[in-house]
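Okay, so here's the structure we're looking at.
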Amino acid sequence: MQYIACEPLKRNDIIQGSKCVSTCYDGDKTIYLLGGRSDKGNILSLDSYDLDTKEFKKLLDLDQQRHGAFSCYLDGKVYFLGGFTISGHGVFGEFKSILQYDCATNKLEMYINELPLFGKTIGCCFDGIDSIYLLVSNGNFLKITIPTKSTTSLRSPSIPKYPDTRRPLIYVSNENDPSIYFIGSTKYGNHCFSLKTNSWIQLLTETNDVDINANADHCKTQLTSKTSHRDIIV
């Protein structure tokens, strides 16, 4: 895999119009931002935003570009899963690794070097406890337990052809039967996974010939009838 060199950009200069930035809230007063790009180029840094002072702070430089990584916070550390690089012709390559950032020591290091993905990550969510769930374009549905670095294969949803672009994967907390929702819209269908039974069911999808790209309004339409907004973790 090759990486495209560019001059690092300051987050304050490009907060307007940035995209593909991985963001993660620590549940207190700090939001962490990794990579991404703007019209000026790639953002080669890990930064933080203080909700009290309303200020950005550069934490460290990145040695390579990383766009669109999934991130979650657990026990004083931020985990960044996957992401991709971009060339002048679009997406160039995907990362299949997990980085770990220690908030106390300000160190970013490789946590898991190679995940058994065998395809693009099209959906990812965190259970708020210790595990990440991800759906891959080849149909693999995996659970990654962060403290032990273990990977478990789960039953895949019944989709004739999996998308190669990202779709919402939403964890819904429930003591009796926590669930994960895959929002594929009219093109791929909307599906619900039960962690208790390791099984999927397909949900009712609005009749529409146009793929509405699983936007936020559609997610809300599909979930509000059965869930409470307080239980949804994206």
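Numbering of the sequence shown is given in our numbering, commencing with residue 16 and proceeding in unit increments. Glycine included, each C-beta is placed from N, C-alpha and C at the ideal position. Predicted model only: the values in this text are computed from it and were never measured.
Pairing Asp65 with Thr45 gives a Cβ-Cβ distance under 9 Å. Minimum Cα-Cα distance from Asp78 among the listed residues Ser33, Thr166, Gln217 and Leu114 corresponds to Leu114. Per DSSP, Tyr203 lies in no beta strand (DSSP E) segment; the continuous alpha helix (DSSP H) that holds it begins and ends at Ser200 to Tyr203.
The three-state reading of DSSP puts Gly134 in coil, since its state is none of H, G, I, E or B. Counting other Cβ atoms within 10 Å of its Cβ, Lys111 reaches 16 or more and is therefore classed as buried. Below 8 Å, enough C-beta pairs join the segment 139 to 151 and the segment 181 to 197 to call them touching: three or more.
When rounded, the separation of the alpha-carbon atoms in Glu190 and Gly56 is 45 Å. Look at Tyr186 here: in three-state DSSP terms it is strand.
Of all alpha-carbon atoms in Cys87, Leu89, Gln80 and Tyr88, the one lying nearest the alpha-carbon of Gly98 is that of Gln80.
In the three-state reduction of the DSSP assignment, Tyr196 falls in the strand class, which pools E and B. Residue state for Asp76 is assigned as strand, using DSSP reduced to three classes.
DSSP places Glu124 inside the beta strand (DSSP E), whose first and last residues are Lys122 to Ile127.
Phe141 places its beta carbon 9 Å or farther from that of Asn155. Here Arg52 is buried: its Cβ has 16 or more other Cβ atoms, across all protein chains shown, within 10 Å. For Val36, the three-state secondary structure derived from DSSP is coil.
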